[in-house]
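First up is the structure itself, then whatever we jot down about it.
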Amino acid sequence: MEMERILVLGAGGQIGTELCGYLSDIYGSENVVATDLRPVKSHVGPSEILDASDFDALENIVNTYQITTVYHLVAMLSATAEKHPVKGWDLNMDTLFHVLNLAKDKKIQKVFWPSSIAVFGPTTPKHNTPQRTIMEPTTVYGISKSAGELWCQYYHQKYGVDVRSIRYPGLISWKGEPGGGTTDYAVEIFYSAVKGEKYTSFLDEKTYLPMMYMNDAIRATVNLMRAEKEKIHIRTSYNLAGISFSPKELHAAIKTTLPEFEVDYAPDFRQDIANSWPASIDDSSAQNDWDWKPKYDLKTMCAEMIEGVKKKLNS
Ligand code: SER
-8 MEMERILVLG
2 AGGQIGTELC
12 GYLSDIYGSE
22 NVVATDLRPV
32 KSHVGPSEIL
42 DASDFDALEN
52 IVNTYQITTV
62 YHLVAMLSAT
72 AEKHPVKGWD
82 LNMDTLFHVL
92 NLAKDKKIQK
102 VFWPSSIAVF
112 GPTTPKHNTP
122 QRTIMEPTTV
132 YGISKSAGEL
142 WCQYYHQKYG
152 VDVRSIRYPG
162 LISWKGEPGG
172 GTTDYAVEIF
182 YSAVKGEKYT
192 SFLDEKTYLP
202 MMYMNDAIRA
212 TVNLMRAEKE
222 KIHIRTSYNL
232 AGISFSPKEL
242 HAAIKTTLPE
252 FEVDYAPDFR
262 QDIANSWPAS
272 IDDSSAQNDW
282 DWKPKYDLKT
292 MCAEMIEGVK
302 KKLNS
C-alpha cells in the first residue's frame, strides 16, 4: 500500500462521498481523513467536523493527522453562488488560498483542486472546446474557478507547489447528491423516473452540456494525482470529457428502460448559465499527458443510475 495521509475537504458532498471510499481502497481507510461541516457518516476511517474557511482549524487537522495530500472539494456551485455572490466568492477563494499556503509552507506535499466547465463563457467556442481558448466566464462560480486556476498555476511556478486540477463536466451520481449546480437536472431526473413521477426540467430540451458519470470522474481524479510529476504539463486545470447530451436525449435514453416516463420543460435562471457553457469538450491534453479515457457512455451511465437510484430509494 502506498504511504500517503490524505485529507478530504467537503467529504460529505457529491464527489467526496465516493472519493473517500475509492481512496480508502488504495491507501487504507485509516489514512483518509474525511472532513465537512457535518459528520461524514459514509466514511469508515477518521472523520472530523471542519469549516475549511477557518485556517487555524484546518492547519490543526493537517498537523494532527500528519497529512501529506489534500483533496479540496469545498465550493459553492454555480446556481447557489449566483444567489450569494460575495459569500460564494469568499468561500471558493479563501479555502483555496488556505490549502495553497499550507503547500507553499511545505506542511502538505500535494493538492487536488477541482475546476469546472464553468470557467468558459459565451465567447468560448461551444463545440469541442479546446484546452486553451477564450475564457470569459459570466457566473460568480466560473469567475472563482477561473481565478483559482491561475492561482494554482502561480503557486506551482513561484513556489513549486504540486497542485493538480480537472475542469469537471456536470457530474452524475446516485450515492452522493449534487447541491446547487446547473447540471443537477441530470441527477434529479433519475429520481423522478424511478419513482414513476413526471420530471419538470429547469433546462430546455435542446441544452447540450458536457457530463460525466461519477465513476469516471473519480478514476480520472485519482489517476491524475498518481501520475508522475513529469507528465503534468498543465497546472491551471485539465479539460475532461465524458458524455455530451441534452435533456431530450437523456429522457429518451431513460425511456428505453422506463417507457412510461414523462418530462416537461420550465427553464429558469439556470438556463442562462447553461447557455454560456460549452456543449462538448476536447480533452486531448488529459488523454496525452496521463492516459485519460472515459469508460461510460449514455447507455451504461443510465443503466447504472437507474439501478443505483432504485437501490438507494429502497434502502
Ligand atoms: N456542475 C457544476 C455546476 O453546475 C459545474 O461545475 O455548477
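This note's numbering puts the sequence shown at residues -8 to 306. Ideal Cβ positions, reconstructed from N, Cα and C, are used throughout, including at glycine.
With distance defined between alpha-carbon atoms, name the residue in the options nearest to residue i.
{"i": "Val178", "options": "Thr198, Tyr159, Met202", "result": "Met202"}
{"i": "Glu9", "options": "Val31, Arg(-4), Leu200", "result": "Val31"}
{"i": "Glu140", "options": "Ser156, His34, Leu(-2), Ile223", "result": "Ser156"}
{"i": "Lys98", "options": "Leu14, Asp47, Ala218, Ala270", "result": "Asp47"}
{"i": "Arg(-4)", "options": "Thr55, Gly4, Asp42", "result": "Thr55"}
{"i": "Val154", "options": "Gly161, Tyr145, Pro160", "result": "Tyr145"}
{"i": "Tyr256", "options": "Trp165, Met67, Lys197", "result": "Lys197"}
{"i": "Thr114", "options": "Ala232, Trp268, Leu304, Asp282", "result": "Trp268"}
{"i": "Asp274", "options": "Lys302, Glu253, Tyr159, Glu21", "result": "Tyr159"}
{"i": "Arg41", "options": "Val35, His34, Arg29", "result": "The sequence given here places Leu at residue 41; Arg does not occur at that position. Ranking the options by Cα distance to Leu41, first place goes to Arg29."}
{"i": "Ser33", "options": "Lys166, Arg217, Gly170, Ile264", "result": "Lys166"}
{"i": "Leu304", "options": "Tyr18, Pro285, Ala184", "result": "Ala184"}
{"i": "Phe88", "options": "His75, Trp142, Ile108, Ile134", "result": "Trp142"}
{"i": "Thr86", "options": "Val61, Met(-6), Gln278", "result": "Val61"}
{"i": "Glu188", "options": "Gln262, Gly12, Glu251", "result": "Glu251"}
{"i": "Gly133", "options": "Gly12, Lys149, Pro76", "result": "Pro76"}
{"i": "Thr227", "options": "Val35, His147, Ile58, Ser15", "result": "His147"}
{"i": "Pro258", "options": "Thr174, Ile108, Ala2", "result": "Thr174"}
{"i": "Ala294", "options": "Gly12, Ala138, His242, Gln100", "result": "His242"}
{"i": "Met356", "options": "Phe260, Arg261, Phe236", "result": "The requested residue 356 does not occur in the structure, where the chain is confined to residues -8 to 306."}
{"i": "Ile58", "options": "Val35, Gln100, Ile17", "result": "Gln100"}
Under 8 Å between the Cβ atoms of residue i and residue j?
{"i": "Val90", "j": "His63", "result": "yes"}
{"i": "Tyr182", "j": "Val300", "result": "yes"}
{"i": "Val131", "j": "Gly79", "result": "yes"}
{"i": "Ser192", "j": "Ile209", "result": "no"}
{"i": "Thr120", "j": "Ile272", "result": "yes"}
{"i": "Ser106", "j": "Lys136", "result": "yes"}
{"i": "Leu231", "j": "Ile6", "result": "no"}
{"i": "Leu(-2)", "j": "Thr26", "result": "yes"}
{"i": "Ile52", "j": "Glu39", "result": "yes"}
{"i": "Val110", "j": "Met126", "result": "yes"}
{"i": "Ser44", "j": "Leu82", "result": "yes"}
{"i": "Tyr176", "j": "Pro238", "result": "yes"}
{"i": "Gly170", "j": "Gly4", "result": "yes"}
{"i": "Ile264", "j": "Ala70", "result": "yes"}
{"i": "Val254", "j": "Tyr190", "result": "yes"}
Assuming residue i and residue j are in contact, meaning their beta carbons sit under 8 Å apart, how far apart are those beta carbons, in whole angstroms?
{"i": "Ile234", "j": "Leu289", "result": "5 Å"}
{"i": "Ser276", "j": "Tyr199", "result": "Contact doesn't hold; Cβ gap of about 22 Å is too wide."}
{"i": "Leu0", "j": "Val65", "result": "5 Å"}
{"i": "Val152", "j": "Lys95", "result": "6 Å"}
{"i": "Trp283", "j": "Ala211", "result": "6 Å"}
{"i": "Thr214", "j": "Trp281", "result": "Checking the sequence, you will find Asn at residue 214 rather than Thr. At roughly 6 Å, the Cβ-Cβ gap stays under 8 Å, so Asn214 and Trp281 are in contact."}
{"i": "Ile297", "j": "Thr248", "result": "6 Å"}
{"i": "Ala270", "j": "His118", "result": "6 Å"}
{"i": "Glu50", "j": "Pro37", "result": "Between Pro37 and Glu50 the Cβ distance is about 17 Å, and since that is not below 8 Å, they are no contact."}
Helix, strand or coil for residue i per DSSP?
{"i": "Tyr56", "result": "coil"}
{"i": "His242", "result": "helix"}
{"i": "Asp263", "result": "helix"}
{"i": "Tyr229", "result": "strand"}
{"i": "Leu304", "result": "helix"}
{"i": "Thr120", "result": "strand"}
{"i": "Ser235", "result": "strand"}
{"i": "Ala2", "result": "coil"}
{"i": "Ser15", "result": "helix"}
{"i": "Lys74", "result": "helix"}
{"i": "Asp153", "result": "strand"}
{"i": "Phe88", "result": "helix"}
{"i": "His147", "result": "helix"}
{"i": "Asp280", "result": "helix"}
{"i": "Asp47", "result": "helix"}
{"i": "Lys101", "result": "strand"}
{"i": "Ala270", "result": "coil"}
{"i": "Val131", "result": "helix"}
{"i": "Ala218", "result": "coil"}
{"i": "Glu253", "result": "coil"}
{"i": "Thr26", "result": "strand"}
{"i": "Ile108", "result": "helix"}
{"i": "Ile40", "result": "strand"}
{"i": "Ile125", "result": "coil"}
{"i": "Ile297", "result": "helix"}
Do we get a CB-CB distance below 8 Å when we pair residue i with the residues of chain C?
{"i": "Lys239", "result": "Of the protein chains in the structure, only one exists, and it is not chain C."}
Go through the region 162 to 216 residue by residue and report every complete run of the alpha helix (DSSP H) that reaches 4 residues or more, in order.
176 to 186
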